[in-house]
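Residue numbers (this note's numbering): -19 to 63.
Here is the structure we will look at.
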């Protein structure tokens, strides 16, 4: 694998949705069973990178939701105690 092709494989996706779509294409292609060993290994590596990217994005979104919910719960408890 050359340096330029390795960089292309490791290029970060544009978004969660793009990563998810690319991962789905990789899974479909691998399930078809028509890839060479080298292509399969490369696809597996890219799939692992995309999976990690998606997991990180989901964890960040979950954390953001927790923070937002905590702020809303504080606001609700303050308004409840004022009544």
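Just so you know, even glycine gets a beta-carbon here, dropped at the ideal spot from N, CA and C.
How big is the Cα-Cα spacing for residue 24 and residue 54? Going by the C-alpha atoms only, they are around 45 Å apart.
Residue from 26, 8 and 41 with nearest C-alpha to residue -1: Minimum Cα distance to residue -1 is reached at 26.
To the nearest angstrom, how far is it from the Cα of residue 49 to the Cα of residue 39? If I take the Cα positions, the gap works out to 15 Å.
Close beta carbons around residue -4, own chain, < 7 Å, minus the five adjacent residues each side: 34 and 37, listed in sequence order.
C-alpha distance - residue 16 paired with residue 8, whole-angstrom precision: One alpha carbon belongs to residue 16, the other to residue 8, and they sit about 15 Å apart.
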